[in-house]
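These protein sequence lines map, in sequence, to chains A and B.
In this text, residue positions in the first sequence follow the working numbering: the first is 5, and each later residue adds one.
In this text, residue positions in the second sequence follow the working numbering: the first is 1019, and each later residue adds one.
In what follows, a single structure is set out as structure tokens and then discussed.
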Amino acid sequence: MPDERENGQPPDDEARARPFWSGTITFGLVSVPVSLYPGNRSLGVSLRMLDRDGTPLARRYFCSKDDEELDADEIVRGYELDGEYVVITDEELEALEPDKSRDIDLRRFVPQDDIDPIWFERAYYLTPAGGSNKAYRLLAETMERSARAGIATFVMRGTEYLVAIIAENGILRAETLRFAEEVRTPHDVGLPDKPRVRAAEVKRIEKAMRKRAENELDPDELVDVQAERLLELVARKQSADEDVVSAAEAPESEEDDVIDLMEVIKRSMRGGRASATVETRRARSAGRRRAPEDDDALAGRTRKELYERARALDIEGRSDMTKDQLIDAIRRSA
Amino acid sequence: MARAIWKGVVSFEDVEVPVKLYSAVQERGVHFRLLHGKDLEPVQQRMVNPVTGKVVAYEEVRRGFEVERGVFVLIDDEELEALEPEPSRTIEITRFVPPGTITHQWYDRPYFLGPDDDEGAYFALARALAEQEREGVARWVMRKKSYAGALRAEGDHLALITLRNAGEVVPVSALEAPGGRALDERELRMAKQLIAALEDEFDPTEYRDEFRDRVLELVHAKAEGRSITRKRAAKKAPRKPLAALLEASVASAKKEKRVA
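Spelled out as structure tokens, the structure:
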């Protein structure tokens, strides 16, 4: 079972911000060891589903025919083909997973501006791992000077991705790209072809555009208005002690500790250890037991055991996960 | 002809262009259904109180925001509705910015805009955006949610790409690049040569989601009672000084290009 941690790091009591993925960028024969961190974070303004008394609810699965609650090992995955279901097991899916190659093999470079934003899916930051950051800096400097992006496919958490590696301000990031089969063209959508465009109309529009021309974004225009309103409402109700409930037993929540992602990335970029102090959104309660999730112990468990652990941690979407994905999800929640 | 998701009017100053919105992205994943292993009946999800073990019917479910561990402020449907933005068909363009102002990290989901009755205005707007080389910052309300997006010319047509919210993106400007001793000019030159040797056009059609292909292959094979085999490739990277590796890489890449 490949070890995603840097070698020699002892486990410690603080929640460790482990990289999402770690591996090597290969550039010809040169290897650049890197760690990968998400470049986006969700603001976490979501509502939990609760019972009347405030107990957070859990998602469970039932047989639609006899209403029986089902355990993980009673559930199978089926693909509908010609009116029948073909059952595919976790083991069969895992056997299909591309080789657990830890490489992003840069065999192609393209002008950065050639990549239309429609292709971009999600951004990740790459930080130098391993002893020296020289190869990292060399690659970043060269790519930035020549305004080129590197294109590669790689495997992350059991899924194959197409990525563009981009250098900006000396920092490398990986932007996953959509595959061609996922992106439509205006033609696919059925948009009409261009008729003759009236120059006077174009001029009029350009004049209006110039009135609103700016060189920068206004961050206020990108605020999540609904999230702000919700938080205001919550704050108001909380200070008025209105509709505040506290469940008798509080099950562990995976949203407990908000790790400051930016801090983690900054430290990793400097070459420091990636462990960061954890900002808790709420005070730690004294009586809470934390079970450190040791990598080796997890790797050795059966899928059923992992599923049960995931259920205890109330990890969303656990029934759809392969064994690898369960291990990752459990680690992240610990 | 795809079906439009929504209709709106692009507006700024005295310009009004009615448009229809279409998704530019289609799902690629292979979709499985969860089934009860015993009888292959589909599985249903229900919400359960983990303490009592009882199912809670959807109508009985409460929603709350966690303010401290285990402490929630309940929000009911009426309050949620009151938070919803006013419905509107206006796609307001607040400003037009040069390319590169909105960096890649901000872009989220792409849509195409098509004309809604007024083709002349639509194509004139696309042409104006292309000629001015600008992107519009757009705000609109769709299906009870407010969005920010980038309005762009896409060939002769228009695209609208939703943008992530401020705070959701860790910007490059907030980070400091790794530092170290000055880089060797010779190594920089060779790296540049290597990149040049590996340069090509960006052609996304060259890449396929091979994992998805393999899953579908497996499904069909199983349905027909066949089994499939896979071969695994081994990779090794030699350890040598950086300069030597670069030199060898450039030589190798140049040779490949000649042959190709």
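We treat Cβ as the ideally placed atom computed from N, Cα and C, and that holds for glycine.
(request) Please indicate yes or no: does the CB of Asp1095 of chain B lie closer than 7 Å to some heavy atom of the ligand ATP? (result) Absence of the ligand ATP is noted for the structure shown, with no ligands found whatsoever.
(request) Kindly identify the DSSP beta-bridge partner or partners of Leu40 of chain A. (result) Translated into the one-based positions of the first sequence, residue 40 of chain A becomes position 36. A:Trp25 and A:Leu130, per the DSSP bridge assignment.
(message) Can you look up Gln1044 of chain B in the DSSP assignment and give me helix, strand or coil?
(response) Taking the second sequence and counting its residues from 1, one reaches residue 1044 of chain B at position 26. Correct three-state label for Gln1044 of chain B: coil.
(message) Can you pull the chain B neighbours of Lys327 of chain A, defined as C-beta to C-beta under 7 Å?
(response) Position 323 of the first sequence, counted from the first residue, corresponds to residue 327 of chain A. None at all; the shortest Cβ gap to chain B is about 16 Å.
(request) Please work out which residues of its chain come closer than 7 Å, Cβ to Cβ, to Glu72 of chain A, disregarding the five sequence neighbours upstream and downstream, and give them in chain order. (result) Locating residue 72 of chain A in the first sequence gives position 68, where the first residue counts as 1. Around Glu72 of chain A: Phe66.
(request) State the DSSP-derived secondary structure class of Glu84 of chain A, mapped to helix, strand or coil. (result) By 1-based counting over the first sequence, the position of residue 84 of chain A is 80. Glu84 of chain A falls in the strand class under three-state DSSP.
(message) Quick check on the DSSP output: the alpha helix (DSSP H) that includes Ala212 of chain A runs from which residue to which?
(response) Mapped onto the first sequence, residue 212 of chain A falls at position 208. Ala203 to Lys215 is the span of the alpha helix (DSSP H), which, as asked, contains Ala212 of chain A.
(request) Please report how far the alpha carbon of Ala1139 of chain B lies from the alpha carbon of Lys1162 of chain B, in whole angstroms. (result) Here residue 1139 of chain B refers to the residue found at position 121 of the second sequence. Here residue 1162 of chain B refers to the residue found at position 144 of the second sequence. The alpha-carbon atoms of Ala1139 of chain B and Lys1162 of chain B are separated by roughly 27 Å.
(message) Pop quiz: Leu310 of chain A and Pro42 of chain A are said to be a contact at Cβ under 8 Å. What is the actual Cβ separation, rounded to whole angstroms?
(response) Stepping through the first sequence from its first residue, residue 310 of chain A is reached at position 306. Stepping through the first sequence from its first residue, residue 42 of chain A is reached at position 38. No, Leu310 of chain A and Pro42 of chain A are not in contact; Cβ-Cβ is about 23 Å, not under 8 Å.
(request) Check the Cβ-Cβ distances between Gly291 of chain A and every residue of chain B, and say whether any is below 8 Å. (result) Residue 291 of chain A sits at position 287 when you count from the first residue of the first sequence. Any answer about Gly291 of chain A is weak, because its pLDDT of 28 lies below 50 and its placement is not dependable; what the coordinates show is given next. Chain B, which has no Cβ nearer than 8 Å to the Cβ of Gly291 of chain A, makes this no.
(message) Taking 8 Å as the threshold (beta carbon to beta carbon), is Ser1106 of chain B in contact with chain A?
(response) As a first step, residue 1106 of chain B must be located in the second sequence, where it is residue number 88. For Ser1106 of chain B, the answer is no, since every Cβ of chain A falls outside 8 Å of its Cβ.
(message) For the pair the segment 171–191 of chain A and the segment 122–133 of chain A, tell me if three or more CB-CB distances fall below 8 Å.
(response) yes
(message) Taking the straight line between their C-alpha atoms, what separation do you get for Ala1130 of chain B and Ala1177 of chain B?
(response) Numbered from its first residue, the second sequence carries residue 1130 of chain B at position 112. Numbered from its first residue, the second sequence carries residue 1177 of chain B at position 159. Per the sequence shown, residue 1130 of chain B should be read as Phe rather than Ala. Taking the straight line joining both Cα atoms gives about 4 Å.
(message) With H, G and I counted as helix, E and B as strand and the rest as coil, what does DSSP make of Tyr1225 of chain B?
(response) On the second sequence, residue 1225 of chain B is found 207 positions in, with the first residue counted as 1. The answer is coil: DSSP assigns Tyr1225 of chain B none of H, G, I, E or B.
(message) Using beta carbons (cut-off 8 Å, strictly below), is Phe158 of chain A in contact with chain B?
(response) Reading the first sequence from its first residue, position 154 is the one you call residue 158 of chain A. Residue-level contact check: Phe158 of chain A does not touch chain B, since none of the beta carbons of chain B fall below 8 Å from its beta carbon.
(message) Could you tell me the alpha carbon to alpha carbon distance between Gly1118 of chain B and Ala171 of chain A, rounded to whole angstroms?
(response) On the second sequence, position 100 is the one that residue 1118 of chain B refers to. On the first sequence, position 167 is the one that residue 171 of chain A refers to. Answer to the nearest angstrom: the Cα atoms are 14 Å apart.
(request) Leaving aside the five residues before and after Phe183 of chain A along the sequence, list all residues of the same chain whose C-beta is less than 7 Å from its C-beta, in chain order. (result) Walking along the first sequence from the start, residue 183 of chain A turns up at place 179. Around Phe183 of chain A: Leu166.
(request) Taking only beta-carbon positions, decide if Ser1270 of chain B is within less than 8 Å of chain A. (result) Walking along the second sequence from the start, residue 1270 of chain B turns up at place 252. Answer yes: the Cβ-Cβ gap between Ser1270 of chain B and chain A drops below 8 Å somewhere.
(request) Determine the closest residue to Asp1136 of chain B out of A:Lys241, A:Glu205, A:Ser250 and A:Pro223, with distance taken between C-alpha atoms. (result) Counting from one through the second sequence, the residue named residue 1136 of chain B turns up at place 118. Ranking A:Lys241, A:Glu205, A:Ser250 and A:Pro223 by Cα distance to Asp1136 of chain B puts A:Glu205 first.
(message) What does the alpha-carbon distance come out to for the pair Arg63 of chain A and Arg313 of chain A?
(response) As a working mapping, residue 63 of chain A is identified with position 59 in the first sequence. As a working mapping, residue 313 of chain A is identified with position 309 in the first sequence. Taking the straight line joining both Cα atoms gives about 14 Å.
(request) Give me the Cα-Cα distance between Asp261 of chain A and Phe124 of chain A, rounded to the nearest whole angstrom. (result) What you label residue 261 of chain A is simply residue 257 of the first sequence in a count that begins at 1. What you label residue 124 of chain A is simply residue 120 of the first sequence in a count that begins at 1. Note that Asp261 of chain A has pLDDT 49, beneath the 50 cutoff, so the model's placement of it is unreliable and the number below is only indicative. Rounded to whole angstroms, Asp261 of chain A to Phe124 of chain A spans 29 Å at the Cα level.
(request) Between the Cα of Ala1269 of chain B and those of B:Met1208, B:Val1237 and B:Gly1167, spot the shortest distance and give me the residue it belongs to. (result) In the second sequence, the residue the question calls residue 1269 of chain B occupies position 251. Taking only the C-alpha atoms, the option nearest Ala1269 of chain B is B:Met1208.
(request) Would you identify the three-state DSSP class for Asp94 of chain A, choosing helix, strand or coil? (result) Working through the first sequence from its first residue, we reach residue 94 of chain A at position 90. The answer is helix: DSSP assigns Asp94 of chain A an H, G or I state.
(message) Does the CB of Gly135 of chain A have a neighbour CB from chain B at under 8 Å?
(response) Taking the first residue of the first sequence as 1, we reach residue 135 of chain A at position 131. By this cut-off, Gly135 of chain A is not an interface position.
(message) Only counting the same chain, and skipping five residues up and downstream in sequence, which positions put a Cβ closer than 6 Å to that of Arg112 of chain A?
(response) Residue numbering aside, residue 112 of chain A sits at position 108 when the first sequence is read from its first letter. Counting only Cβ-Cβ distances below 6 Å, and skipping sequence neighbours, we find Ile155.
(message) Given a cut-off of 8 Å on the beta-carbon distance, is the pair Ile122 of chain A and Val187 of chain A in contact?
(response) What you label residue 122 of chain A is simply residue 118 of the first sequence in a count that begins at 1. What you label residue 187 of chain A is simply residue 183 of the first sequence in a count that begins at 1. The answer is yes: Cβ separation under 8 Å.
(message) Under 8 Å, CB to CB, which of the residues in the segment 20–33 of chain A have a partner in chain B?
(response) Thr28, Thr30, Phe31, Gly32 and Leu33
(message) Applying the 10 Å Cβ sphere with the 16-neighbour rule, what's the burial state of Lys1273 of chain B?
(response) Walking along the second sequence from the start, residue 1273 of chain B turns up at place 255. Burial call: exposed.
(request) Leaving out five residues on either side along the sequence, give the residues of the same chain with a beta carbon under 8 Å from the beta carbon of Leu1234 of chain B. (result) For the purposes of this step, residue 1234 of chain B is identified with residue 216 of the second sequence, where counting begins at 1. Answer for Leu1234 of chain B: Val1048, listed in chain order.
(request) Whole angstroms is fine: what's the gap from Leu237 of chain A's alpha carbon to Leu61 of chain A's? (result) Position 233 of the first sequence, counted from the start, is the residue given in the question as residue 237 of chain A. Position 57 of the first sequence, counted from the start, is the residue given in the question as residue 61 of chain A. Cα to Cα, Leu237 of chain A sits roughly 23 Å from Leu61 of chain A.
(message) By the DSSP assignment, the beta strand (DSSP E) with Arg188 of chain A in it spans what residues?
(response) For the purposes of this step, residue 188 of chain A is taken as residue 184 along the first sequence, with counting starting at 1. No beta strand (DSSP E) contains Arg188 of chain A, which DSSP labels as neither H nor E.
(request) Just tell me which of A:Leu226, A:Asp75, A:Thr59 and A:Arg52 has its CA closest to the CA of Lys1056 of chain B. (result) For the purposes of this step, residue 1056 of chain B is taken as the residue at position 38 of the second sequence. It is A:Asp75 whose Cα lies nearest to the Cα of Lys1056 of chain B.
(request) Mind reading off the beta-carbon distance from Val49 of chain A to Val1091 of chain B? Whole number of angstroms is fine, and I expect it under 8 Å. (result) By one-based count along the first sequence, residue 49 of chain A stands at place 45. By one-based count along the second sequence, residue 1091 of chain B stands at place 73. Val49 of chain A to Val1091 of chain B, Cβ: 12 Å. No contact.
(message) Please classify Glu164 of chain A as buried or exposed, where buried requires at least 16 other C-beta atoms within 10 Å of its C-beta.
(response) Position 160 of the first sequence, counted from the first residue, corresponds to residue 164 of chain A. Glu164 of chain A should be labelled buried.
(message) Which residue marks the beginning of the alpha helix (DSSP H) containing Asp109 of chain A, and which one marks its end?
(response) Indexing the first sequence from 1 puts residue 109 of chain A at position 105. For Asp109 of chain A, no alpha helix (DSSP H) segment is defined; the enclosing uninterrupted segment is the beta strand (DSSP E) at Asp107 to Leu110.
(message) Let me see if you follow: with CB-CB separation under 8 Å, is Ala287 of chain A close to chain B or not?
(response) Numbered from its first residue, the first sequence carries residue 287 of chain A at position 283. The predicted model places Ala287 of chain A with a pLDDT of 30, which falls under 50 and marks its position as unreliable, so this point remains unresolved.
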